[in-house]
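Following: one structure in C-alpha cells, then a few remarks.
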Amino acid sequence: MNDASPANGLARTGVRGHGLPGRFLSVEGIDGAGKSTHLDWLAEHCRQSGREVIVTREPGGTPLGERLRELLLHETMGVQTELLLVFAARCEHVNELIRPALTRGAMVICDRFTDSTHAYQGGGRGLKAGWIDQLEAVVLGGLRPDRTYLFDLPADIAARRRAAAREADRFEQEDLDFFERVRAAYSRRVSQDPERFLRLDGRETVDTLRARIADDLATQGLLGHNAGH
Ligand code: TYD
13 MNDASPANGL
23 ARTGVRGHGL
33 PGRFLSVEGI
43 DGAGKSTHLD
53 WLAEHCRQSG
63 REVIVTREPG
73 GTPLGERLRE
83 LLLHETMGVQ
93 TELLLVFAAR
103 CEHVNELIRP
113 ALTRGAMVIC
123 DRFTDSTHAY
133 QGGGRGLKAG
143 WIDQLEAVVL
153 GGLRPDRTYL
163 FDLPADIAAR
173 RRAAAREADR
183 FEQEDLDFFE
193 RVRAAYSRRV
203 SQDPERFLRL
213 DGRETVDTLR
223 ARIADDLATQ
233 GLLGHNAGH
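Just so we're aligned: the sequence shown equals residues 13 to 241 in this note's numbering.
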C-alpha cells in the first residue's frame, strides 16, 4: 500500500484512525449547524477519486441501528439508557458496515460518530467522559475517523435555523443551554485531537465551505485511491 509514501498526507501527519485500506470521514456539529447541506456534495466529490464511497449515519446505518435511532429520537428514556443505545447502534454499525467497508478499501462518510456521543451525552447530558471512553474502547477497539469535519455555529443561530427547517425530535427540543454545552464539548474534542478535526465556521457560504473541504481532502491525501488493493 502507498500509505507510507511521503505524498500521503495521512502518513505525513501521522493521523490514521485504523489500520485498514479504506478512508473514514465523519461529519459533526450541533443540530442546525449545516452539516446535512454538504453530505451529498461531499460524497459526489469523493466519488470522483474512483474509490467506492459509502454514506451512512449515526445513530443508524444498519436495519437494527435505524430501529434504535427511532427509539433514541422519539422515546422518553434515562440518560444512561440513551448512552447504551447509542453504543448498541454503533456496535452493529461498526461490525456490519463500517469495518467491512474499510477492509475492502472503500471510503466511509459517516454523518455523526463517537464525537457526537462526547458532545451530546457527555457535554449535553453531563455523563462522565470516562464511561464514554470505556464504551468506546470496548465497541470500537481504537477505530476512529481519519478526518472529521466539524460545522461550528453559535447555539442561538443554529436554533433559529432549526426552527425554520423542521419539526424537532427529542434532542432538538432541548434548550439553548444544552446546545451551548454540546458545542463546548465539541470544542474540547478539537483541542484534544487537533490533527483529526477541521473546524468549519457554519456562518460561511456553502461555496466557501465546500472549497475549504475540497482543499482539505486534497491536502490530507484522502482522495488518493491506491489503497493497498
Ligand atoms: P441528526 O444527525 O442531526 O439527524 P437529522 O439531521 O435527521 O436531525 O440527528 C441525530 C440526533 O442524534 C442529533 O440530535 C444528535 C443525536 N446523537 C446523540 O445524541 N449521540 C450520538 O452519539 C449520536 C450519533 C447522535
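Where is the CB? At the ideal position from N, CA and C, for every residue including glycine.
For the options Gly136, Cys122, Asp145 and Leu210, the alpha carbon positioned closest to that of Ile42 is the one of Gly136.
Within the chosen limit of 6 Å, the ligand TYD reaches the beta carbon of Pro71 through at least one heavy atom.
With respect to Val202, Phe209 sits close: the two C-beta atoms are nearer than 7 Å. Non-local beta-carbon contacts of Ala226 in its own chain, meaning distances under 7 Å to residues more than five positions away in sequence, involve His57 in chain order. Under the DSSP assignment, Ser48 falls in the alpha helix (DSSP H) whose first and last residues are Ser48 to Arg59. The residues Leu139, in chain order, have a CB closer than 8 Å to that of Gln92 in the same chain once the five nearest residues on each side in sequence are set aside. Restricting attention to beta strand (DSSP E) runs no shorter than 3 residues, the stretch 64 to 113 encloses them at 65 to 69, ordered along the chain. If you draw a 10 Å sphere on the C-beta of Ala176, you find fewer than 16 other C-beta atoms in it, and that means exposed. In the DSSP assignment, the residues bridged to Gly41 are Phe163. Here Phe183 carries a coil assignment [DSSP, helix/strand/coil].
Put simply, the stretch 53 to 72 touches the stretch 120 to 132. At least three CB pairs are less than 8 Å apart. Excluding its 5 nearest sequence neighbours in each direction, Leu51 has C-beta neighbours in its own chain below 8 Å: Val39, Val67, Ile121 and Asp123, listed in chain order. Leu155 places its beta carbon 7 Å or farther from that of Phe99. A contact between stretches requires three or more CB pairs, one per stretch, nearer than 8 Å, and the stretch 176 to 185 fails this requirement with the stretch 103 to 116.
Between Pro71 and Ala118 a beta carbon distance of about 21 Å is seen, past the 8 Å cut, so the two are scored as non-contacting. With a threshold of 6 Å, the Cβ atom of Asp164 does not count as near the ligand TYD, since no heavy atom of the ligand is closer than that. Every unbroken stretch of the alpha helix (DSSP H) spanning 4 or more residues and falling wholly within the stretch 121 to 175 is given here in chain order: 141 to 152.
Residue pairing of Arg35 in beta bridges, as defined by DSSP: Met119. Taking 6 Å as the cut-off, one finds at least one heavy atom of the ligand TYD near enough to the beta carbon of Asp43.
When DSSP states are grouped into helix, strand and coil, Arg215 belongs to the coil group.
For the options Asp213, Pro157, Ala196 and Phe36, the alpha carbon positioned closest to that of Gln133 is the one of Ala196.
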